[in-house]
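I have placed the structure first, in the form of structure tokens, so that the comments after it can refer back to it.
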Amino acid sequence: MDEQVLSPKVDINREITELRREIDRLKFEIERKAKQLNVKDEEIQKYVYTVSHELKTPIISMKGFTSLLLSFHEESLDEEVKDYLRRIDRNLQQMEQLINDLLEYARVQIEKEKFEAVNFQTIIEKALSEFQYQLDKKSIQIEIMDELPFVCCQQSLMVRVFTNLISNGIKYSRKGKKPEIEIGYSADEIFHKFYVKDNGIGFPSNQRDRLFQMFSRLGNKKGVGGTGVGLAIVKRIVEGHGGEIWANSHKGKGATFFFTLPKLPEMT
Amino acid sequence: MSDKTCTILLVEDNHDHIELIRRAITIGPLKADIYISTDGEDALNFVFKTGKYKKAKRVPTPDLILLDIKLPKVDGYNVLQSIRAHTAYRSIPIIILTTSAREEDIERMLQYGADSYIIKPSQYHEFVAIYEKIENYWKQHIAT
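Each protein sequence line maps, in turn, to chains A and B.
Position one of the first sequence corresponds to residue 1 (my numbering), numbered consecutively onward.
Position one of the second sequence corresponds to residue 269 (my numbering), numbered consecutively onward.
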């Protein structure tokens, strides 16, 4: 302690200068690594996009000819052949959906220059327009908290977050029970925190880590369409905005998805 | 339905897709002569009556062009631009064939001067949709 107090001022200044240099060097290194990562990410995106498009070409041919046989030559086919063709068609549809979802995942690009301050009421209204039919028919119920904040984000992607979370809540509803979705908000000094709560079948709490993985479906509801990419897309968007996402549930008692977004995204 | 025959130039390099689109065009009563180009350069030669078509006896000017985007030699965007830049042939209706319903792709095609686009058919209703679109074009823009 005494040594420090008695150190010459010039030594402290030199030390500060060296520390500053070291900080600058580390900053430069981080920026360089970040740029490298961005280039790699763009390369992967382009690769996935090209591969997906190339994969779609033979699928269109196979689906097209299967459909031609089933639609235009139905009378000349016996039941067994028709059954096999329908199976082929179903599998091709699933394959096409997987490729489309992969494409969609690859298309999620966080572009900071597209960030703008948006009222989350507007974002949710846009997301709800995709469910207008169910809302008109009153086959689903969605409650939204009155006061929602302005958040700096990429609007189209944030609409996607809500569309996917609401769609998830509807897909995993309980048999014979009308899906009820609640959207709410709270905040602390640093983060906005949103939640989307449903009254569906939920998921076992020990499976929550798998929820956001690509092509991961917990397989607890028969007949539910989808490939398990929707929540992976949500996670990618939220994390790309500097936030976090997680979910809580007890099997049979609905699920709640929480996500945060920083109040000052440029600081993240 | 007009008795006139619609001359269609189908520019597509995938032979399976040629067959599917050809089938879609022939679903209904529309009379169509379908000419095929399997690359962009051949398509431009056909339209401009150049290259191997220069000395051909009769090369019809298409009433409608169905154009794929990913093509060998000259891609669909360049074919589109070249035709739109040509004073004699710029008004030929061009419909883009696409596997993508992605908004940005479609917007780009329309910006390049395409009149419309159709998604390549893989289901019955898509076959019907293609036929109806071509028939509408024929009725509204060509047969009159």
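Beta carbons: idealized from backbone N, C-alpha and C, even for Gly.
On the three-state DSSP scale, how would you describe residue i?
i	result
ALA356 (chain B)	coil
THR273 (chain B)	coil
ILE12 (chain A)	helix
TYR380 (chain B)	coil
THR260 (chain A)	strand
LEU211 (chain A)	coil
LYS401 (chain B)	helix
PHE316 (chain B)	helix
THR366 (chain B)	strand
ASN199 (chain A)	coil
GLU350 (chain B)	The displayed chain sequence assigns Ser, not Glu, to residue 350 (chain B). SER350 (chain B) falls in the helix class under three-state DSSP.
GLU254 (chain A)	Inspection of the sequence shows that residue 254 (chain A) is occupied by Gly rather than by Glu. In this structure, GLY254 (chain A) counts as coil in the three-state DSSP scheme.
THR268 (chain A)	Bear in mind that the predicted position of THR268 (chain A) carries a pLDDT of just 40, short of 50, making it too unreliable to give a figure here.
GLU143 (chain A)	strand
HIS192 (chain A)	strand
GLU180 (chain A)	strand
ILE289 (chain B)	helix
ASN282 (chain B)	coil
SER205 (chain A)	helix
LEU19 (chain A)	helix
LEU148 (chain A)	coil
LEU298 (chain B)	coil
THR392 (chain B)	Per the sequence shown, residue 392 (chain B) should be read as Tyr rather than Thr. DSSP places TYR392 (chain B) in helix when its eight states are reduced to three.
LEU339 (chain B)	coil
ALA34 (chain A)	helix
SER167 (chain A)	helix
SER249 (chain A)	strand
Is the separation between the beta-carbon of residue i and that of residue j shorter than 8 angstroms?
i	j	result
GLY230 (chain A)	PHE215 (chain A)	no
PHE257 (chain A)	TYR195 (chain A)	yes
ILE302 (chain B)	ILE398 (chain B)	no
PRO330 (chain B)	ILE304 (chain B)	no
SER249 (chain A)	SER205 (chain A)	yes
VAL159 (chain A)	ALA127 (chain A)	yes
LYS341 (chain B)	GLU309 (chain B)	yes
LEU332 (chain B)	TYR405 (chain B)	yes
THR366 (chain B)	ILE60 (chain A)	no
SER139 (chain A)	LYS178 (chain A)	yes
TYR357 (chain B)	ILE351 (chain B)	yes
SER173 (chain A)	GLY200 (chain A)	yes
SER390 (chain B)	LYS63 (chain A)	yes
LEU77 (chain A)	VAL108 (chain A)	no
PHE191 (chain A)	THR260 (chain A)	yes
What residues in its chain sit with their C-beta under 6 angstroms from that of residue i, if we drop five residues either side in the sequence?
i	result
SER384 (chain B)	ILE363
THR268 (chain A)	Confidence at THR268 (chain A) is low in this model, with a pLDDT of 40, below 50, so its placement is unreliable and the value that follows should be read with caution. Counting only Cβ-Cβ distances below 6 angstroms, and skipping sequence neighbours, we find GLY242, PRO262.
GLU143 (chain A)	GLU182
LYS16 (chain A)	The sequence given here has Ile at residue 16 (chain A), not Lys. Around ILE16 (chain A): no qualifying Cβ.
LYS299 (chain B)	THR273
ASP89 (chain A)	THR66
VAL161 (chain A)	VAL234, ILE237
TYR49 (chain A)	ALA106
THR311 (chain B)	The identity of residue 311 (chain B) in the sequence shown is Ala, whereas the question assumes Thr. Hits under 6 angstroms: VAL279, SER305, VAL347.
Residues in the same chain with beta-carbon distance under 7 angstroms from residue i, minus the five sequence neighbours each way, listed in chain order, please.
i	result
ASN111 (chain A)	Rather than Asn, the amino acid found at residue 111 (chain A) in this sequence is Glu. So the list reads GLN154, once near-sequence residues are dropped.
ASP232 (chain A)	Correcting the residue type first, residue 232 (chain A) is Ala in the shown sequence and not Asp. The answer, listed in chain order, is TYR105, PHE212, GLN213, MET214.
LEU19 (chain A)	none
PRO328 (chain B)	THR275
GLU189 (chain A)	none
MET95 (chain A)	ILE59
GLY240 (chain A)	ILE110
By Cβ distance below 8 angstroms, which residues in the same chain neighbour residue i in space, the five residues on each side in sequence not counted?
i	result
ARG208 (chain A)	TRP246, ALA247, ASN248, SER249
GLU287 (chain B)	none
PHE115 (chain A)	CYS152, CYS153, GLN154, PRO265
LYS401 (chain B)	ILE363, SER384, ILE386
LEU148 (chain A)	ASN119, PHE120, GLN121, ILE124, TYR185
HIS409 (chain B)	PRO361
LYS27 (chain A)	none
What residue ranges within the stretch 45-128 of chain A form continuous alpha helix (DSSP H) runs of no fewer than 4 residues, ordered along the chain?
DSSP runs (the alpha helix (DSSP H)) wholly in the stretch 45-128 of chain A: 79-107, 120-128.
Any 3 or more C-beta pairs closer than 8 angstroms across the stretch 69-78 of chain A and the stretch 13-31 of chain A
Between the stretch 69-78 of chain A and the stretch 13-31 of chain A there are fewer than three C-beta pairs closer than 8 angstroms, too few to call the two in contact.
Counting Cβ pairs, one atom from each stretch, are 3 or more of them under 8 angstroms apart for the stretch 26-45 of chain A and the stretch 86-104 of chain A?
Cβ pair count under 8 angstroms is below three, so no.
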